[in-house]
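Chemist: In my numbering, the protein residues as written are 36 to 828. Just so you know, even glycine gets a beta-carbon here, dropped at the ideal spot from N, CA and C.
1) Report back the beta-carbon spacing between residue 558 and residue 576 to the nearest angstrom; my notes put them in contact at under 8 Å.
2) What would DSSP say about residue 103, mapped onto helix, strand or coil?
3) For residue 193, which option in 614, 443, 427 has the closest C-alpha, if you only look at C-alpha atoms?
4) Suppose you measure from the CA of residue 326 to the CA of residue 320; what does that come to, to the nearest Å?
5) Output the boundary residues of the beta strand (DSSP E) element that contains residue 603.
6) If contacts are defined as beta-carbon pairs under 8 Å, then residue 719 and residue 698 qualify, I think. What distance do you get, rounded to the angstrom?
7) Is it right to say residue 656 is buried, meaning 16 or more other beta carbons lie within 10 angstroms of its own, or is it exposed?
8) By Cβ distance, which residues of its chain are closer than 7 Å to residue 783, with the 5 residues on each side in sequence left out?
9) Restricting to Cα atoms, I'd like to know which of 801, 700, 763 is closest to residue 786.
10) Which residues in the same chain as residue 664 place their Cβ atom closer than 7 Å to its Cβ, once the five residues preceding and following it in sequence are excluded?
11) Going by beta-carbon coordinates alone, are residue 543 and residue 507 separated by less than 9 Å?
12) Bridge partners for residue 7 per DSSP, in chain order?
13) Can you look up residue 319 in the DSSP assignment and give me helix, strand or coil?
14) If distances are taken between C-alpha atoms only, which option among 648, 578, 668 comes closest to residue 556?
15) Can a CB atom of chain D be found closer than 9 Å to the CB of residue 395?
16) Take every Cβ of the region 75-89, pair it with every Cβ of the region 160-176, and state whether three or more of those distances are shorter than 8 Å.
17) Starting from the N-terminal side, write out each stretch of the beta strand (DSSP E) that is 3 residues or longer and does not extend beyond the region 440-526.
18) Relative to the alpha-carbon of residue 725, which residue among 712, 373, 88, 692 has its alpha-carbon at the smallest distance?
19) Taking the alpha carbon of residue 288 as the point to measure from, which residue in 812, 232, 265, 313 has its own alpha carbon closest?
20) I'd like the span of the beta strand (DSSP E) that includes residue 746, first residue to last.
21) Where does the unbroken beta strand (DSSP E) through residue 829 begin, and where does it stop?
22) In terms of residues, what are the limits of the beta strand (DSSP E) holding residue 732?
23) Return yes when the Cβ of residue 500 is within less than 9 Å of the Cβ of residue 773, no when it is not.
24) Give the straight-line distance between the Cα atoms of residue 84 and residue 225, rounded to the nearest whole angstrom.
25) Can you check the region 168-256 for any alpha helix (DSSP H) of at least 4 residues that lies completely inside it and give the ranges in chain order?
26) Who are the near neighbours of residue 242 in its chain, counting only those whose CB is closer than 7 Å to its CB and skipping five residues on each side?
27) Please determine, among 125, 166, 152, the residue with the shortest C-alpha to C-alpha distance to residue 87.
28) Just grab the DSSP bridge partners of residue 565 for me.
29) Ends of the beta strand (DSSP E) at residue 708?
30) Within the region 635-678, note down every full alpha helix (DSSP H) run reaching 4 residues or more, in order along the chain.
31) Using only alpha-carbon positions, find the residue among 637, 536, 582, 586 that is nearest to residue 596.
32) Bridge partners of residue 22, per DSSP?
33) Over the uninterrupted alpha helix (DSSP H) stretch that includes residue 386, give me the two end residues.
34) What's the gap between the Cα of residue 182 and the Cα of residue 108?
35) Less than 7 Å between C-beta atoms, sequence neighbours within five positions excluded: which residues of the same chain meet that for residue 197?
36) Report, in whole angstroms, the separation of the C-beta atoms of residue 468 and residue 105, which I expect to be a contact under 8 Å.
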């Protein structure tokens, strides 16, 4: 008998083989059914490629702030090896007298670098390089996790490329300025938003824990960025409540996560805030002159000039992000856009606009805002991306284009971001970060080795404090002694004896013997917390207000050991108590949520296999280009030409009697009103190695009388001591001069004076260098720029 075979489309599936709805499966089965999220791996690969310069170049730049953080990481690593798990002291700063820099500076970035140095690599420079690379990779993961949850895996990949290859994140903060806390904040800000969003939407235990940890981490990394993201988060919560009613039950979890994160970091911010007024602060060695301007924030990003000894930061969004903002605005204006998508795009567009206006109008020197502005622009673009992809997938005519939208968009972003990932080899000097190198750094007049020059110094000594020559010599020989007999205060003390048994970064163990009362001078800056411990010697620790150093008063007929140690204070103890209480609170909250909360799998459209294949081809081509043209040893090396950052400057060739030469200048405008800020740039170079750190001062001169009316600060030209300059490179030098509000209208000239500043002459006018024209004619001690400033009434 013939059987009629039914088509496959109408066959009946046996009851035992019928599929189970995915939403009814356990979470682990849902996760296995969905398969691997290849988009996450591509996002992490983009982060690895963005960090290629830190992974392939064997050295780090010594012409930006990164070297200061390496020095500090070396101190932290040494303290950890000594058993000091939380260092609060920089023992070699101020010519070996020390300073509480780690106590007041956000500690997390250099602490992680110091731990990597101690536990894994035994090289602070390599540890910082690895940390910079890891933060860029982590930023990629955080952006992808947040964006893919709200849109799709495809738009998450585009968002990662836009963010990590944006000029500020991928080049300016990481390579040009070497801002380690800023780079870490660029990863933590999207991490906080991801954890916040997960806590609001899902309320899982791991989301709450992540929110608390990332909140504490950003407070321990970059306080201004933390305050900014807290404000954005508050508005984000309001938006979430309006757009997604299901988030209302988790509001208390969000508040708990932020609150626990705040108190988790109490061991740092509580004593730093409470003891801020107990130390003397020295103003930054050089003023921070970079500013946000409307003309630069939308300008294209230029290639890094290999001829520049000091790299010029470019605080711009770059072409890809500007295009993203324009596209997001157009999508936002679509009449049929869904309410949820419109609010998403609008929220981040408005956030970016408000932050930009705040930066331009009220806080132009807060250049780190560019990173958060870039992130908000990326998230707005992700919403527009998902809107466009959804339209393509739902269109019969353009459905096939949805498969190639991701690889084409990724290729376009990478191509337009070429100036970001084309990185020339770093300019290096010596690679020593030892205590002796720190002392030499200061002795050569370069500044404080563990502190960027634009940051204030806590625990500063009096202005008349001089280095102790014996202490400097001890650093050179490797045999330290940080306690001396103070003959000047107590008369002849030939019977007093002192010997050093052990010196660590935070303590000195010494042996003393006295017949009469004696005073010893501890060659360490006084700071609250220094205390003594002795079982056999009666001694008192004090502060010498004249020198700012610690004094040690020892009684009559004393002999024995004394331990001088930077110990805790009541405020520091309270901070640690609050922190450990918060740790218990986090553990308790996570356990309670695990008992009442069922795990939920995040559902979002993942990258399809056709998209994945084409995207992998784009990435492979990108890696091939890097290998052939960019990385060290490339067969066809590609870099910017010499002098590319001199575009827009005017030639000003002059010479001096010391080997310093001016090349060019740039000023954007010549008409000002009284009270405004004048910004201009000079370009210098040296024709031979210089053995003096020259200082430059900008002045305002009356054109009619030749009288000097205003003077700027005395600064290192280019913010880089001239003893470190190399021949064959040029140094761009940016100046700002605040015009007096009482300046009468008229015509004025800008001038520059270069001083040979030494401790003996203190930048005396008679030690100004002399300028000569290119033909050898003397121009005097003032270099006048060939531009007339007009001050309007």
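Modeler: Considering the structure as presented:
1) Here residue 558 refers to the residue found at position 523 of the chain shown. Here residue 576 refers to the residue found at position 541 of the chain shown. Going by Cβ atoms, the distance from residue 558 to residue 576 rounds to 14 Å, so no, they are not a contact pair.
2) The residue you call residue 103 lines up with position 68 of the chain shown. Under the three-state reduction of DSSP output, residue 103 falls in the helix class.
3) Here residue 193 is taken as the residue at index 158 of the chain shown, counted from 1. Each of 614, 443, 427 was checked against the Cα of residue 193, and the nearest Cα belongs to 443.
4) As a first step, residue 326 is located in the chain shown; it is residue number 291 there, counting from the start. As a first step, residue 320 is located in the chain shown; it is residue number 285 there, counting from the start. If you draw a straight line from the Cα of residue 326 to the Cα of residue 320, it comes to about 18 Å.
5) Taking the first residue of the chain shown as position 1, residue 603 is located at position 568. No beta strand (DSSP E) holds residue 603; DSSP gives it neither H nor E.
6) Translated into positions along the chain shown, residue 719 becomes position 684. Translated into positions along the chain shown, residue 698 becomes position 663. Contact flag correct, Cβ pair sits at about 7 Å.
7) The residue labelled residue 656 in the question sits at position 621 within the chain shown. By the neighbour-count criterion, in which a residue is buried when 16 or more other Cβ atoms sit within 10 angstroms of its Cβ, residue 656 is exposed.
8) To locate residue 783, count along the chain shown from 1; it is residue 748. If we look at residue 783 and ignore the five residues flanking it on each side, its Cβ neighbours are 735, 736, 737, 738, 824, 826.
9) Here residue 786 corresponds to residue number 751 of the chain shown, with the count starting at 1. Ranked by Cα distance from residue 786, the first of 801, 700, 763 is 700.
10) For this step, residue 664 is matched to residue 629 along the chain shown. Within the same chain, and ignoring the five residues on either side of residue 664 in sequence, the residues whose Cβ sits closer than 7 Å to its Cβ are 671, 672, 673.
11) Counting from 1 along the chain shown, the entry for residue 543 is found at position 508. Counting from 1 along the chain shown, the entry for residue 507 is found at position 472. In this structure, residue 543 lies away from residue 507, with their beta-carbon atoms at least 9 Å apart.
12) Past the boundaries of the shown model lies residue 7; the chain is included only from 36 to 828, so the question cannot be answered.
13) On the chain shown, position 284 is the one that residue 319 refers to. Three-state result, residue 319: coil.
14) Position 521 of the chain shown, counted from the start, is the residue given in the question as residue 556. Selected option, being the one with the closest Cα: 578.
15) Although the question refers to chain D, the structure presented lacks it and comprises just one protein chain.
16) Yes: the two stretches touch, three or more of their Cβ pairs being nearer than 8 Å.
17) Correct list: 518-520.
18) Translated into the one-based positions of the chain shown, residue 725 becomes position 690. Relative to residue 725, the option among 712, 373, 88, 692 whose CA is nearest is 692.
19) Working through the chain shown from its first residue, we reach residue 288 at position 253. Among 812, 232, 265, 313, the Cα nearest to that of residue 288 is on 232.
20) Taking the chain shown and counting its residues from 1, the one referred to as residue 746 is at position 711. Going by DSSP, residue 746 is part of the beta strand (DSSP E) stretching over 743-746.
21) Residue 829 lies beyond the range of the chain shown here (36 to 828); nothing can be said about it.
22) Stepping through the chain shown from its first residue, residue 732 is reached at position 697. For residue 732, the enclosing beta strand (DSSP E) starts and ends at 729-737.
23) For the purposes of this step, residue 773 is taken as the residue at position 738 of the chain shown. For the purposes of this step, residue 500 is taken as the residue at position 465 of the chain shown. Between residue 773 and residue 500, the CB-CB gap reaches or exceeds 9 Å.
24) Here residue 84 is taken as the residue at index 49 of the chain shown, counted from 1. Here residue 225 is taken as the residue at index 190 of the chain shown, counted from 1. Between residue 84 and residue 225, the C-alpha separation is close to 19 Å.
25) Listed in chain order, the complete alpha helix (DSSP H) runs (minimum 4 residues) inside the region 168-256 are 188-199, 215-236, 240-254.
26) Here residue 242 is taken as the residue at index 207 of the chain shown, counted from 1. The residues 230, 233, 234, in chain order, have a CB closer than 7 Å to that of residue 242 in the same chain once the five nearest residues on each side in sequence are set aside.
27) Working through the chain shown from its first residue, we reach residue 87 at position 52. For the set 125, 166, 152, the Cα lying nearest the Cα of residue 87 is the one of 166.
28) Position 530 of the chain shown, counted from the start, is the residue given in the question as residue 565. For residue 565, the beta-bridge partners assigned by DSSP are 601.
29) What you label residue 708 is simply residue 673 of the chain shown in a count that begins at 1. Residue 708: member of the beta strand (DSSP E) spanning 706-708, first to last residue.
30) Correct list: 644-660.
31) Translated into the one-based positions of the chain shown, residue 596 becomes position 561. Measuring from the Cα of residue 596, the nearest candidate turns out to be 536.
32) The structure shown does not extend to residue 22, since the chain spans only 36 to 828, so no value can be given for it.
33) Numbered from its first residue, the chain shown carries residue 386 at position 351. Where residue 386 is concerned, the enclosing alpha helix (DSSP H) stretches over 374-396.
34) Position 147 of the chain shown holds residue 182. Position 73 of the chain shown holds residue 108. The C-alpha of residue 108 is placed about 33 Å away from the C-alpha of residue 182.
35) Your numbering for residue 197 matches position 162 in the chain shown. Within the same chain, residue 197 has close Cβ partners 355, 356, 359, 413, 416, 448.
36) Along the chain shown, one-based indexing puts residue 468 at 433. Along the chain shown, one-based indexing puts residue 105 at 70. With 8 Å as the limit, residue 468 and residue 105 qualify as a contact, their Cβ atoms being about 5 Å apart.
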